[in-house]
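Once you know that position 137 of the sequence shown is 1299 in the numbering used here, the rest is easy, because the numbers rise by one and skip nothing.
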Amino acid sequence: MAFEIKCSACSQPFSNLLNYKCTTCGQPLNVKLHFGFEIGKIRKKDYTVWRYAEFFPHVKKAEIITLGEGWTPLVKLSHNVYFKLESLNPTGSFKDRGSTLLISTLHELVKKAGGYISEDSSGNAGASIAAYAARAGLKAKIYVPENVSGPKFNQIQFYGAKVVKVSGSRSKVADEAQKSEEGKFYVGHILHPLFRDGIRSLAYEIAEQFEWLVPKRIYLPVSAGTLLLGVISGFKHLAKSGVIETMPKLVACQTRQVSPLYHKFKNLPYTIPERITSIADALVSVNPPLLDIMVKNLKEVEGDAVIVEEDEISTAFVELARKGFFVEPSSAIAYAAYKKQLKDGDISEDDKTVIILTGMGLKTMLKPN
Ligand SMILES: [Zn+2]
């Protein structure tokens, strides 16, 4: 058996790839890999996520749905600091790595059942899933918060997905999306283990682009946790396979307002804000279902967590743009966190560092001063 899908809490195995949580205890599912990473098995002429197709055995190659995602540029900022431009994926964010994997694995199963997929999101994941569903000829229903607006919402609609507006909290939107309806298959990106699993490709890519000599530190924004957990899983796979000698230090970056991981990781109390007013509007998971799994994984790989203030986010956002990198404010928090640690003397400029820029600036609703 090349891989297994098991409950993260009670270890019950699941063979149906459509399952998104444990039917016994309700906890999230994980993908467990039972094979090593081999450099010789990379499809060298394929410059997408699918150059690593051999390491995603749950996908049938004839059923791959791709828009050319992955193999994003790694651009040098200064002598030893690099940006990984995930903002240049087909729908403008790293989520396309998860969507290509998820939709490639499931579209035939859903079509055979005469069904459609549902997802809850107001932003990047909704747009990404809608795009890959469109590419696969699959119907998609995206559940969004009632007050949603802006470029991401337009993008979801242009891809042809049906939009259902839900009033109330963000978790109410998720509940509605999961509610059983005839023909509906919920593939929510936060819970579905195959979405997270697609993000493994980002770790493979960073390692390969550095010729398997991984950076000392990687900064990445964290909200629901799919990016963090996917990247950890990829680097762990490479380390276990003996392809890389050391693990990079993964630095989870959060805003002061939305920082449940930072607080739990540091054993500090966290008070959920009444309203989220941060300009980092893609980071809204105040109570993420994967929180305990994130804390466990981040401790296991000896990672770190940092929070940044609103003024630090705006400064970093503008500074990036002035350097030619137009990203979402939510992406700029990783750069803000890097600058903060540098200023505090926690790290050195000489350390090989990667800052992941997750989403494109054209998605922001901010106006220039
Ligand atoms: Zn379970």
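Idealized CB from N, CA, C, for every residue including glycine.
Given this structure, state the Cα-to-Cα distance separating residue i from residue j, to the nearest angstrom.
i                  : j               : result
phenylalanine 1217 : lysine 1411     : 23 angstroms
leucine 1390       : asparagine 1531 : 33 angstroms
methionine 1527    : glutamate 1490  : 9 angstroms
alanine 1483       : glycine 1276    : 46 angstroms
valine 1221        : asparagine 1242 : 36 angstroms
glycine 1457       : glycine 1345    : Inspection of the sequence shows that residue 1457 is occupied by valine rather than by glycine. Cα to Cα, the separation comes out at about 36 angstroms.
Assuming the contact rule is C-beta atoms closer than 8 angstroms, residue i and residue j should be a hit. Round their C-beta distance to whole Å, please.
i                  : j               : result
glutamate 1281     : glycine 1350    : 6 angstroms
leucine 1300       : isoleucine 1318 : That belief does not hold up - the Cβ atoms of leucine 1300 and isoleucine 1318 are roughly 15 angstroms apart, past 8 angstroms.
phenylalanine 1245 : isoleucine 1434 : Incorrect: roughly 31 angstroms between the Cβ atoms, too far for contact.
threonine 1388     : glycine 1260    : 6 angstroms
valine 1325        : glutamate 1338  : 12 angstroms between Cβ atoms; not a contact.
lysine 1502        : valine 1463     : About 21 angstroms; that fails the 8 angstroms criterion.
leucine 1519       : alanine 1467    : About 19 angstroms; that fails the 8 angstroms criterion.
leucine 1263       : leucine 1179    : The pair is not a contact, with the Cβ atoms about 11 angstroms apart (cut-off 8 angstroms).
alanine 1293       : threonine 1253  : 5 angstroms
Ligand 1 and residue i: does the residue's C-beta get closer than 8 angstroms to at least one heavy atom of that ligand?
i              : result
serine 1173    : yes
threonine 1186 : yes
cysteine 1415  : no
Can you tell me which of the three DSSP states residue i falls into?
i               : result
lysine 1327     : strand
methionine 1522 : strand
proline 1422    : helix
alanine 1275    : coil
asparagine 1316 : helix
glutamate 1281  : strand
isoleucine 1204 : coil
glutamine 1416  : strand
asparagine 1178 : coil
tyrosine 1348   : strand
valine 1446     : coil
serine 1240     : strand
Going by C-alpha distance, which of the options is nearest residue i?
i               : options                            : result
glutamine 1416  : Val1384, Ala1336, Val1326          : Val1384
glutamate 1225  : Ala1295, Ser1177, Gly1276          : Ala1295
leucine 1250    : Val1243, Val1237, Gly1202          : Val1237
asparagine 1459 : Ile1394, Lys1525, Asp1513          : Ile1394
leucine 1191    : Ser1421, Lys1273, Asp1359          : Asp1359
proline 1355    : Gly1521, Glu1308, Glu1370, Thr1267 : Thr1267
alanine 1289    : Leu1264, Glu1373, Asp1258, Ala1298 : Asp1258
isoleucine 1265 : Val1243, Gly1396, Phe1347          : Phe1347
asparagine 1449 : Tyr1432, Asn1242, Lys1341, His1220 : Tyr1432
valine 1211     : Tyr1366, Phe1397, Ile1406          : Tyr1366
isoleucine 1352 : Val1457, Val1405, Leu1452          : Leu1452
cysteine 1184   : His1196, Lys1168, Phe1199          : Lys1168
Given the structure, does residue i come close to ligand 3, in the sense that its CB is under 8 angstroms from one of the ligand's heavy atoms?
i              : result
glutamine 1189 : In terms of ligand content, the structure shown lacks ligand 3 and carries ligand 1 instead.
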